[in-house]
Amino acid sequence: YPYTTTKQALKKSNSAGVKDHGFASIIIDHDALDSKDVPIPTIIKDMSEYKDSVQVQAFCCKQLKYLAKQNVANKQSIMVCGGVPAIVSAIENHSHDASLVTLAFTSLCSLTSHDSSNKHEISKTHLIQYVLSTMKHFADNEAIQKEGCETLFNLTFAPTHLFKLKSATTTTIDPRAILADASRSFPGSCRNISSVTLKRLSPNENDIIEMIQSVDSDLEDVTLIMSNYLESPTIQDMACVKLDILSKIPNSDSNDDAVAASLILPPLFAAMKEYKDRASLQLLACSILNNLYQNEYDSRENINMNAILTSEAIDLVVDAMERFKSDSIVQEKGRAFLCFLLKCTDASTVALIRQKLQVKVDCGSCLQ
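Quick note on our numbering: the sequence shown kicks off at 1217 and runs consecutively.
Shown next as structure tokens:
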């Protein structure tokens, strides 16, 4: 790599008499490029500093594209340093320049391909809307349509983005129409990728279950799926299986436990109400609740009992235990949660819980 920063490359270009930050005249030997020597933060910083220069933006987009293709660590570094906003800014400031927009799109495609570890960082941006609006603006540009289709395809593998794309049909820009237009205009380069992407925008039950079971799916993904597919008991069951696994993993920060609870409880309570007669879901739900509050209790001096008492957790667990009195596993999971509450709080709160429980279920030795 001939320069340690884009500024040094800029100075070199100016000293050689190249006008307007002539990065197009600089030949980079990508095969000899060592990613460890490339200052990703500086590249992105310089994109912000030289917003008006098409050449600087093009040079930096090209470097980010190459770096993102090398490894996951580079992708994460680019994301953390603000790579997506910098690339989007380049598109906004030079939306008339098809060559730069194409380079920016190839960078976005590299950032989103074969890796979903950056999905939440990407979701904080308005990337999907920028991709769709740019594709609409450059409807006659094959390179932009191709890179745009591939970027949208990459994003459909993360539930967070998939549901954003599905909901985008309610806005002025319909992703299905954009993809269909790209397919018709450029069948050789866009038909296959746009067809597959369109299919992914209408996932069936098996597709959704595969997303849940993916090693990359996390709490946000699974709870988002639960909220969007409440009508499917199979999806709710599989989501609860995954949540039961994820909720067993303790967080080092008690704030993370609070965030986990805020994500899990609304869709979990909705599933418990919708499928009251489904023993498999009820026992998993009881287990998840026990995991959640056990983790929270382990990470702080005292659990926030008021939040539990004012929530629906106790009523739903007690209701499940009443419905499935002959199911030993439901009884075991429900009793574990209720006994845990009795053991980890003060005397006045214990009295309230005892009063609530004694009229409905027997919590065994915990009530002694």
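All C-beta atoms, glycine included, are put in the ideal place defined by N, C-alpha and C.
I'd like to check one pair, K1291 with L1327: are the Cβ atoms closer than 7 angstroms?
yes
6 angstroms Cβ shell around Q1498 - same chain, five flanking residues per side excluded:
A1536, V1546
Which word fits G1299, buried or exposed, when buried means at least 16 other C-beta atoms lie within 10 angstroms of its C-beta?
buried
Can you tell me which of F1379, K1362, N1309 puts its alpha carbon nearest to the alpha carbon of L1324?
K1362
Apart from the five residues just before and just after S1503, which ones in its own chain have a Cβ nearer than 6 angstroms to its Cβ?
D1460, K1549
What are the start and end residues of the alpha helix (DSSP H) that includes V1546?
1544 to 1559
Spatial distance of Y1282 from A1476 (CA atoms):
36 angstroms
Do the CB positions of T1413 and L1368 come within less than 7 angstroms of each other?
yes
Taking the alpha-carbon of S1399 as reference, which of N1444, R1407, A1393 has the nearest alpha-carbon?
R1407
Considering only their Cβ atoms, is the gap separating M1454 from I1428 smaller than 7 angstroms?
yes
As assigned by DSSP and simplified to three states, the class of H1377
helix
Can you tell which of K1464, T1372, S1443, N1309 has its C-alpha closest to the C-alpha of E1265?
N1309
Any chance you could list the alpha helix (DSSP H) runs of at least 4 consecutive residues sitting entirely within the region 1258 to 1298, in chain order?
1270 to 1286, 1288 to 1296
At what residues does the alpha helix (DSSP H) containing N1422 begin and finish?
1421 to 1429
Quick one, are the C-beta atoms of C1297 and I1338 less than 7 angstroms apart?
no
Using a Cβ-Cβ cut-off of 8 angstroms (strictly less than) and excluding sequence neighbours within five positions of A1567, which residues of its own chain qualify?
none
Could you tell me the alpha carbon to alpha carbon distance between D1390 and K1380, rounded to whole angstroms?
11 angstroms
Tell me whether P1482 sits in a helix, a strand or coil according to DSSP, three-state version.
helix
Three-state secondary structure assigned by DSSP to N1605
Residue 1605 lies beyond the range of the chain shown here (1217 to 1584); nothing can be said about it.
Nearest-angstrom Cα distance between L1435 and A1501?
14 angstroms
Tell me which residues share the same chain as L1505 and place their Cβ nearer than 6 angstroms to its Cβ, disregarding the 5 neighbours each side in the sequence.
A1529, F1553
Secondary structure of S1349, DSSP reduced to three states
helix
Extent of the continuous alpha helix (DSSP H) run through F1321
1314 to 1328
Using DSSP with H/G/I as helix, E/B as strand and the rest coil, what is I1394?
helix
Using only CA atoms, which one of P1375, R1494, Q1510 lies nearest to L1440?
P1375
Contact set for D1313: own chain, Cβ-Cβ below 7 angstroms, skip 5 residues either direction:
V1270
Quick one: Cα of F1373 to Cα of K1559, how far?
43 angstroms
According to DSSP, is R1400 part of a helix, a strand, or is it coil?
helix
Have a look at Q1571 and I1425 and give me their C-alpha separation to the nearest angstrom.
41 angstroms
Where S1383 falls: helix, strand or coil (DSSP)
helix
Could you have a look at R1494 and say whether DSSP puts it in helix, strand or coil?
coil
Name the residue from F1540, M1488, H1353 whose alpha carbon lies nearest to the alpha carbon of I1307.
H1353
My assumption, with CB atoms under 8 angstroms, is that I1303 sits in contact with Q1279. Please give the rounded CB distance.
About 11 angstroms separates the two Cβ atoms, so there is no contact after all.
Any idea if V1431 is buried or exposed, counting beta-carbon neighbours within 10 angstroms, 16 or more meaning buried?
exposed
Whose C-beta lies closer than 8 angstroms to the C-beta of M1295 among residues of the same chain, with five residues either side of it excluded?
L1327, N1334, E1337, I1338
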